[in-house]
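Chemist: Once you've had a glance at the structure underneath, I'll fire off some questions.
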Amino acid sequence: MKRLPDGAAWAVLVLSLAAAACGQAQTRKGSDPAGSSPSAPVSAGAPTAPAVLQTRSETRRFRDWSATCGNDGTCWAFGFAPDFAAGWVRVALRPGPDARPDIAFGAWPDGEAASPSRLGLEIDGRRFAAVADTDSQTPVGRITTDVAAVIDALAQGRSMRITGAANQAVSLNGAAAALLWIDEKQGRLNTTTALVRKGDRPASAVPAAPALPRVPVAPAVDQSGFADPSPALPAALRARPEVAACLQDSALPDVRDQIASARLDAGTALWAVPCGAGAYNLTQNWYLTDADGRNPRPVALAGTAGPGADPVRPDNALINGVYDPKTRTLSAFGKGRGLGDCGVLQTWAWTGERFALTRESVMGDCAGVPSELWPVTWRAR
622 MKRLPDGAAW
632 AVLVLSLAAA
642 ACGQAQTRKG
652 SDPAGSSPSA
662 PVSAGAPTAP
672 AVLQTRSETR
682 RFRDWSATCG
692 NDGTCWAFGF
702 APDFAAGWVR
712 VALRPGPDAR
722 PDIAFGAWPD
732 GEAASPSRLG
742 LEIDGRRFAA
752 VADTDSQTPV
762 GRITTDVAAV
772 IDALAQGRSM
782 RITGAANQAV
792 SLNGAAAALL
802 WIDEKQGRLN
812 TTTALVRKGD
822 RPASAVPAAP
832 ALPRVPVAPA
842 VDQSGFADPS
852 PALPAALRAR
862 PEVAACLQDS
872 ALPDVRDQIA
882 SARLDAGTAL
892 WAVPCGAGAY
902 NLTQNWYLTD
912 ADGRNPRPVA
922 LAGTAGPGAD
932 PVRPDNALIN
942 GVYDPKTRTL
952 SAFGKGRGLG
962 DCGVLQTWAW
972 TGERFALTRE
982 SVMGDCAGVP
992 SELWPVTWRA
1002 R
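The opening residue of the sequence shown carries number 622 in my numbering; numbering runs sequentially from there.
Now the structure itself:
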């Protein structure tokens, strides 16, 4: 991982833990308990059900490239410009036999407006044209033709640069290893669909995508009485020693007043206690109480990065946390730097009993990658 800038030292520990396994079992897609019973008769001519990918969220580093696979089996390989420059190339691939690689890249303009006619990748002197992604706020190109040729060039090439938005070099050192790791993770080795190690095995040999974990979301409730933008903390919550310490650390008025609250149900309230801030990150510790403010207890949050993955930080601490009572979701954006092009994005949904992780994306390199293109390490239905 590249060195993060000053003011985001916490992110070094948080993001380095993105390689930790989620450890949550995956439900087999299309499983039939009755049909899988040992006593169930099996016809000799019955077709064999396709294998289902068994995977976990994981990130690996391969020299100047990184690769991440999420809990749904989708994988991403990223190559970055050297010396903390803003340039990157991404190969994304969903799981399953019918998936096709998606290649995107980007670099900040070098003083002139991006030229769509010149936007492309140049690998070992061969230019591959691209189309501009008009939905992105920064110059992003996508390879829509010669995709297989670009993958081969990435794996075998010696030099690469981005053209059109900037004349930015991106290292190919580690690209082949990152793509090969994706082949292994998705069960593509020696198949016709492999990125690097192709073989004669048919596409049908590639395991199908796993079923996503399901998160039931509790219905929205009336927020009357919780509309005050600066509510007072309940006495029982304020009396907790760590809460008193947080309030003391947040002595500045613009930080100390960042208290938030919401009604989760008739008997449960949610509270956010400010616990320090930097130039672009506000830390809040989140608690549940009874409706009358009694019985305070920390919110139990878990993720593959950030809360629940860091043995030092409490698992109820969020960076730039926001609760939306309409969608019943608690979200956080721990920025690696003020531009917001690296860090951790997470969302949890209130089930009526707990907050369950529904989506998490992580970018460990500050290289100008828009957050919508970050690897998604976890997602749920």
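Even glycine gets a Cβ: it sits at the ideal position worked out from N, Cα and C.
#1: Rounded to the nearest angstrom, how far is the Cβ of Q905 from that of L939, given a contact under 8 Å?
#2: At what residues does the alpha helix (DSSP H) containing Q777 begin and finish?
#3: Looking at the C-beta of C696, does it have a partner C-beta in chain C at a distance below 8 Å?
#4: Excluding the five sequence neighbours on either side, which residues of its own chain have a C-beta within less than 6 Å of the C-beta of L810, listed in chain order?
#5: Whose C-beta lies closer than 8 Å to the C-beta of S871 among residues of the same chain, with five residues either side of it excluded?
#6: If we count the other Cβ atoms within 10 Å of its Cβ and call it buried at 16 or more, is G656 buried or exposed?
#7: Would DSSP call D875 helix, strand or coil?
#8: Output the residue ranges of the beta strand (DSSP E) runs that lie fully inside the region 890–978 and measure 3 residues or longer, sorted by chain position.
#9: Determine the direct distance from the alpha carbon of W971 to that of A890, and round the result to whole angstroms.
#10: If you check the beta carbons only, do G961 and S992 fall under 8 Å apart?
#11: Rounded C-beta distance between W999 and G924? I'm assuming under 8 Å.
#12: Which of the three DSSP states, helix, strand or coil, is assigned to C987?
#13: What would DSSP say about D723, mapped onto helix, strand or coil?
#14: Go ahead and label D685 buried or exposed: buried means 16 or more other beta carbons lie within 10 angstroms of its beta carbon, across all protein chains shown.
#15: Please return the same chain residues whose Cβ sits closer than 6 Å to the Cβ of A630, not counting the five positions on each side in sequence.
#16: Work out the CA separation of A988 and A702 for me, nearest whole Å.
#17: Whose C-beta lies closer than 8 Å to the C-beta of P722 among residues of the same chain, with five residues either side of it excluded?
#18: In or out: G846 buried (at least 16 other Cβ within 10 Å) or exposed?
#19: Identify, in the order they occur along the chain, each residue of the same chain with its Cβ nearer than 8 Å to the Cβ of V761, setting aside the five sequence neighbours on each side.
#20: What residues are listed by DSSP as bridge partners for R859?
#21: Check the C-beta distance from Y908 over to N937 and give it rounded, since I have them as a contact under 8 Å.
#22: Could you pull the start and end residues of the alpha helix (DSSP H) that A841 belongs to?
#23: List, from N- to C-terminal side, the alpha helix (DSSP H) runs of 4 residues or more that fit wholly inside the region 788–825.
#24: Once DSSP output is grouped into helix, strand and coil, what is the label at P868?
#25: Measure the Cβ-Cβ separation of F976 and L922 and say whether it is below 8 Å.
#26: Roughly how many whole angstroms lie between the Cα atoms of C963 and A796?
#27: Is the beta carbon of R681 sitting closer than 8 Å to the one on W802?
#28: In terms of DSSP beta bridges, what is L714 paired with?
Modeler: The answer reads as follows:
#1: Numbered from 1 along the sequence shown, position 284 holds the residue referred to as residue 905. Numbered from 1 along the sequence shown, position 318 holds the residue referred to as residue 939. Their Cβ separation, rounded to whole angstroms, is 6 Å, which keeps Q905 and L939 in contact under 8 Å.
#2: Here the question's residue 777 lines up with position 156 in the sequence shown. In the DSSP assignment, Q777 falls within the alpha helix (DSSP H) that extends over 768–777.
#3: Absence of chain C from the displayed structure is noted, only one protein chain being present.
#4: In the sequence shown, counting from the first residue as 1, residue 810 sits at position 189. Taken in chain order, the residues that qualify are D804, R818.
#5: Start at 1 with the first residue of the sequence shown, and residue 871 comes out as number 250. Spatial neighbours of S871 in its own chain (CB-CB distance under 8 Å, excluding positions within 5 residues in sequence) are listed in chain order as R877, Q879, P895, C896, G897, A898.
#6: Residue mapping note: residue 656 aligns to position 35 of the sequence shown, counting from 1. At G656 the pLDDT is 34, less than 50, meaning the model places this residue with poor confidence and gives no usable figure here.
#7: By 1-based counting over the sequence shown, the position of residue 875 is 254. Note: D875 maps to helix in three-state DSSP.
#8: Those beta strand (DSSP E) runs which fall completely within the region 890–978 and span 3+ residues are 903–911, 938–940, 943–945, 950–956, 964–971.
#9: For the purposes of this step, residue 890 is taken as the residue at position 269 of the sequence shown. For the purposes of this step, residue 971 is taken as the residue at position 350 of the sequence shown. Each residue's alpha carbon lies about 12 Å from the other.
#10: By one-based count along the sequence shown, residue 961 stands at place 340. By one-based count along the sequence shown, residue 992 stands at place 371. Taking 8 Å as the Cβ cut-off, G961 and S992 qualify as a contacting pair.
#11: As a first step, residue 999 must be located in the sequence shown, where it is residue number 378. As a first step, residue 924 must be located in the sequence shown, where it is residue number 303. Under the criterion of beta carbons closer than 8 Å, W999 and G924 qualify as touching, at roughly 7 Å.
#12: As a working note, residue 987 is residue 366 in the sequence shown. Looking at C987 - three-state DSSP - the assignment turns out to be coil, as it is neither helix nor strand.
#13: Translated into positions along the sequence shown, residue 723 becomes position 102. In this structure, D723 counts as strand in the three-state DSSP scheme.
#14: The residue labelled residue 685 in the question sits at position 64 within the sequence shown. The residue in question, D685, is buried, as its Cβ has 16 or more Cβ neighbours within 10 Å.
#15: On the sequence shown, position 9 is the one that residue 630 refers to. Below a pLDDT of 50, predicted positions are generally treated as unreliable, and A630, at 37, falls in that range; the measurement from the model is reported next regardless. So no residue of the chain qualifies.
#16: On the sequence shown, position 81 is the one that residue 702 refers to. On the sequence shown, position 367 is the one that residue 988 refers to. Approximately 7 Å between the Cα atoms of the pair.
#17: Translated into the one-based positions of the sequence shown, residue 722 becomes position 101. In the same chain as P722, and ignoring 5 residues on each side of it, the C-beta atoms closer than 8 Å to its own belong to V712, A713, L714, V768, I772, L816, in chain order.
#18: Along the sequence shown, read from residue 1 onward, the residue named residue 846 stands at position 225. By the beta-carbon neighbour count (other beta carbons within 10 angstroms, threshold 16), G846 is exposed.
#19: Numbered from its first residue, the sequence shown carries residue 761 at position 140. Excluding sequence neighbours, V761 sits near A725, F726, G727, A753, D754, P991, L994.
#20: Translated into the one-based positions of the sequence shown, residue 859 becomes position 238. In the DSSP output, where bridge partners are listed per residue, R859 has none listed.
#21: Residue numbering aside, residue 908 sits at position 287 when the sequence shown is read from its first letter. Residue numbering aside, residue 937 sits at position 316 when the sequence shown is read from its first letter. Indeed they touch by this definition, with Cβ atoms about 7 Å apart.
#22: Translated into positions along the sequence shown, residue 841 becomes position 220. No alpha helix (DSSP H) contains A841, which DSSP labels as neither H nor E.
#23: For the region 788–825, whole alpha helix (DSSP H) runs of length 4 or above, ordered along the chain, are 796–806.
#24: Position 247 of the sequence shown, counted from the start, is the residue given in the question as residue 868. Looking at the sequence shown, residue 868 is not Pro but Leu. L868 falls in the helix class under three-state DSSP.
#25: Here residue 976 refers to the residue found at position 355 when the sequence shown is read from its first residue. Here residue 922 refers to the residue found at position 301 when the sequence shown is read from its first residue. L922 sits close to F976, with the two beta carbons spaced by under 8 Å.
#26: Taking the first residue of the sequence shown as position 1, residue 963 is located at position 342. Taking the first residue of the sequence shown as position 1, residue 796 is located at position 175. Rounded to whole angstroms, C963 to A796 spans 21 Å at the Cα level.
#27: On the sequence shown, position 60 is the one that residue 681 refers to. On the sequence shown, position 181 is the one that residue 802 refers to. Against a cut-off of 8 Å, the Cβ pair of W802 and R681 comes out as a contact.
#28: Looking up residue 714 in the sequence shown gives position 93. DSSP, once it has assigned bridges, lists C696 as partnering L714.
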